[in-house]
Amino acid sequence: MSNTSHSPATQSAPESRFGRFLRATEIDPRLLGMVGALVLIWVAFEAYSTFVLGRPSMLLGAAQAEANGFLTPRNLWNLSVQTAYIGIMATGMVLVIITRNIDLSVGSIMGMVGMYMGLLQIDYLTPALGLGHPAIWGITVIFGIVMGALIGALQGSMIAYLNIPSFIVTLGGLLVWRGAAFLVAGGKTIAPMDDTFALIGGGSFGALGRTGSWIFAAIAVVAVVWGVVKSRKARTVHGFQQRPIWAEWFMGGLICAVILGATATVNAYIWPKGNIKKYYDQLGMAVPDGAEFGHGYAYPVLILIVVAIFMTVLMTRTRFGRYVFAIGGNPEAAALSGINTRVMTVKIFALMGGLAGIAAVIGSARQNSATNAMGNLDELYVIAAAVVGGTSLAGGVGTVYGAIIGALILTSLQTGMVLIGFGDGSYQRIVIGIALVLAVWLDIVYRKRIK
Amino acid sequence: MLNRTGTPLVELRDMSISFGGIKAVDHVTVDLYPGEVVGLLGHNGAGKSTLIKCLSGAYKADAGQILINGAEVDINNPRDARAQNIETIYQTLALADNLNAASNLFLGRELVGPGGFLDDSKMEAETRKIMARLNPNFRKFNVPVSALSGGQRQSVAIARAVYFNAKILIMDEPTAALGPQETQMVAELIQELKAQGLGIFLIEHDIHNVMKLCDRASVMKNGQLVGTVDVKQVTDEDILSMIILGKKPAKAA
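Encoded structure:
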């Protein structure tokens, strides 16, 4: 029954039921490990806050207004926003690491691009177009992404054509772009940003709202079902053996349940009273009784989702993605197969730079200012997220979804430490440092065991 | 019998290439006719692989001409070589270990569907077809090729050349990593391809394989061509003395 076409014929020991289940559903055990670790971290922080600190927990029936544990709509919503920009950059770092390179400069690129975007808005666009002109945010976003991509392309060219190791080029970049970020405005902070631009950073007004979020979820569910049906059809056309139907619908159902659960959670986070008043003030109305708004998906999270889908399609469905893996698996073979590995390197670093540009947009919009310290040390979190998410530093192996889960794990640790009162940066770094080494060690142990 | 009176399928004329002052290939001329297997022999470092890489597009020769069917062609990279129906099976197999058989077979020449997206199902179906012909026991279509045995990997590499209708095949020690049974499989395949009219350059160290598989043998030493002999007119001793001493036997001149 479950003996699908791809299973090696030499399966010696009889499989456990769990093993059969994994094989039928084609779940990567490492994905299961990552999700397990994530759930464990969440529950541990919630338990610590409930039982050690004695805070009210929503799991034990406390109201949203009182609860301040880890598992509250507010905290999870904030977590999603904080994960977004690290996650966005981590999806690009996966490509860089798969091709046996590294990019240490992304945090500095973020800082410098953020400064130039602030400068562009305050010194050029606002005087030229007028305060609050609707084109300002769009121009700034495009400028930020293009600038990031050009910096990435420059670094990629040096790696590809001058044969300087990527570690050195981007270590140089880390210093150069951070220094340049300071010089842009002589170390001053540029604020405030354009009002529309600031919405990209999230907040009560920078979110999709309840209705929009449910529509979004419905579209996503339909897409998942369509995807399952279509993949079965493609296999039928070529006469390949199908996955068992229960496994197919179990996976589809699980993904839909996660989508709906996430939507319910972000929608359950209600607007603070102040924002509700601000909203009605702008409309020139009094606040009606019982007025309540749910946040829904924040814009940075939507951007992350769009980037994740784009990058996943790019990596799994296009020649570009196939070549990224081929270069990582055997650079010589890739070149002998007619793949232009140098141009690929430039493109990959340009893509990474462009994603750092998007992260700069979100970061500066969220702070509603441009500071030269923005993104400081973020390159390390981005690399850690990719590696915790299963990307192999030896090259050739990695997934986009893994990197995003990795980013979620690291951000959970970071925000959780703050939540339980270890907000001092030193504890955060110690915990994240240990988590990184632990994750890589577990991965090595796992790989040895399956061999 | 082979007809070597017409235009050769391939002619490498007066080829030279050097690396950092060392002449890896020094004014070498070899040719290849349709349906012929020409062995390239010599010690390690004699320049065989380097010469052949000029034909496969991995290197660009410093001097010399490449003629295909009598017309001079310019080969600057592996894509140019493929455009001339030249396929190469490298000693190191040139497979991306982390990809499966179908991805490797179509690497650089993927089949795409509407919108330019990869058509993995089609590629797998085509791979199953060609493997059913070359190696009917092959089953591991959905695992990375790192999980395959030497012979299975070799059959993927050969399938790549066969699938894309190679007219000129370059094999760099195709049996070096194989067991006796798999070596026999490759030998039979070479006979079959030869019968189809392909021209094959075979880099080979094992003198018995050379005597068995090749029609002619070109021997190189220190980057220079010692000579080319008809395998049927010489003994293996003659060829060995060409390789070791760099002397061409008098009778086969």
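Quick note, the sequences are listed as chains A and B, same order.
Per the working numbering, the first sequence starts with residue 1, numbered consecutively.
Per the working numbering, the second sequence starts with residue 1, numbered consecutively.
Backbone N, C-alpha and C fix where the C-beta goes; we use that ideal spot for every residue, glycine too.
Closer than 9 Å to chain B by CB, residue i
i: residue 330 of chain A; result: yes
i: residue 449 of chain A; result: no
i: residue 326 of chain A; result: yes
i: residue 96 of chain A; result: no
i: residue 316 of chain A; result: yes
i: residue 521 of chain A; result: The structure shown does not extend to residue 521 of chain A, since chain A is modelled only from 1 to 451, so the question has no answer here.
i: residue 334 of chain A; result: yes
i: residue 234 of chain A; result: yes
i: residue 30 of chain A; result: no
i: residue 338 of chain A; result: yes
i: residue 397 of chain A; result: yes
i: residue 133 of chain A; result: no
i: residue 238 of chain A; result: yes
i: residue 361 of chain A; result: no
i: residue 313 of chain A; result: yes
i: residue 3 of chain A; result: The predicted model places residue 3 of chain A with a pLDDT of 39, which falls under 50 and marks its position as unreliable; any figure quoted below should be read in that light. It does not: the Cβ of residue 3 of chain A has no partner Cβ on chain B nearer than 9 Å.
i: residue 319 of chain A; result: yes
Alpha helix (DSSP H) segment containing residue i, residue limits
i: residue 281 of chain A; result: 273-283
i: residue 81 of chain A; result: 73-98
i: residue 133 of chain B; result: 120-134
i: residue 412 of chain A; result: 400-419
i: residue 152 of chain B; result: 150-163
i: residue 191 of chain B; result: 180-195
i: residue 112 of chain A; result: 106-119
Chain A contact for residue i (CB, 9 Å cutoff)
i: residue 90 of chain B; result: yes
i: residue 58 of chain B; result: yes
i: residue 44 of chain B; result: no
i: residue 69 of chain B; result: no
i: residue 97 of chain B; result: yes
i: residue 144 of chain B; result: yes
i: residue 109 of chain B; result: yes
Neighbourhood of residue i by C-beta distance below 6 Å, restricted to the same chain and skipping five residues each side
i: residue 127 of chain B; result: 101, 102 and 105
i: residue 74 of chain A; result: 269
i: residue 6 of chain B; result: none
i: residue 174 of chain B; result: 89 and 186
i: residue 65 of chain B; result: 13 and 72
i: residue 190 of chain B; result: 213
i: residue 4 of chain B; result: 33
i: residue 41 of chain A; result: 412
Nonlocal neighbours in the same chain, by C-beta distance under 7 Å from residue i, ignoring five residues either side
i: residue 144 of chain B; result: 97, 98, 99 and 100
i: residue 18 of chain A; result: none
i: residue 325 of chain A; result: 98 and 396
i: residue 11 of chain A; result: With a pLDDT of 44 at residue 11 of chain A, under the threshold of 50, the modelled position of that residue is not reliable, and the figure given next carries that caveat. The answer is none, since no qualifying residue turns up.
i: residue 8 of chain B; result: 31, 32 and 33
i: residue 299 of chain A; result: 199, 200, 202, 206 and 207
Residue closest to residue i, alpha-carbon to alpha-carbon, out of the options
i: residue 108 of chain A; options: A:232, A:306, A:152 and A:139; result: A:152
i: residue 161 of chain A; options: A:340, A:215, A:16 and A:23; result: A:340
i: residue 187 of chain B; options: B:160, B:90, B:125 and B:134; result: B:134
i: residue 52 of chain A; options: A:425, A:432, A:436 and A:419; result: A:419
i: residue 197 of chain B; options: B:166, B:182, B:181 and B:233; result: B:166
i: residue 381 of chain A; options: A:373, A:122, A:352 and A:411; result: A:411
i: residue 214 of chain B; options: B:81, B:36, B:147 and B:125; result: B:36
i: residue 209 of chain B; options: B:77, B:151 and B:176; result: B:176
i: residue 95 of chain A; options: A:346, A:414 and A:423; result: A:346
i: residue 231 of chain A; options: A:218, A:216 and A:249; result: A:249
i: residue 112 of chain A; options: A:179, A:77 and A:126; result: A:179
Rounded Cβ spacing between residue i and residue j (contact assumed at less than 8 Å)
i: residue 307 of chain A; j: residue 355 of chain A; result: 7 Å
i: residue 110 of chain A; j: residue 375 of chain A; result: 3 Å
i: residue 238 of chain B; j: residue 49 of chain B; result: Rounded, the Cβ-Cβ distance is 23 Å, inconsistent with contact.
i: residue 141 of chain B; j: residue 318 of chain A; result: That belief does not hold up - the Cβ atoms of residue 141 of chain B and residue 318 of chain A are roughly 21 Å apart, past 8 Å.
i: residue 296 of chain A; j: residue 213 of chain A; result: 3 Å
i: residue 38 of chain B; j: residue 216 of chain B; result: 5 Å
i: residue 443 of chain A; j: residue 30 of chain A; result: 7 Å
Interface partners of residue i on chain E, CB under 8 Å
i: residue 49 of chain B; result: Note that chain E does not occur in the displayed structure, where the protein chains are A and B.
Residue i - containing beta strand (DSSP E), residue span
i: residue 345 of chain A; result: Unbroken run through residue 345 of chain A is the alpha helix (DSSP H), 341-367; no beta strand (DSSP E).
i: residue 87 of chain B; result: 86-89
i: residue 204 of chain B; result: It is not in any beta strand (DSSP E) - residue 204 of chain B carries neither H nor E in the DSSP assignment.
i: residue 64 of chain B; result: 63-68
i: residue 261 of chain B; result: Residue 261 of chain B lies beyond the range of chain B shown here (1 to 253); nothing can be said about it.
i: residue 224 of chain B; result: 224-230
Cβ neighbours of residue i in the same chain (closer than 8 Å, five flanking residues each side left out)
i: residue 34 of chain A; result: 388, 389, 390, 402, 405, 406 and 409
i: residue 452 of chain A; result: In this structure chain A extends from 1 to 451, so residue 452 of chain A is not present and cannot be described.
Residue i: CB within 8 Å of a non-hydrogen atom of the ligand GDP
i: residue 140 of chain B; result: For the structure depicted, the ligand GDP is absent and the ligand set is empty, with no information on it obtainable.
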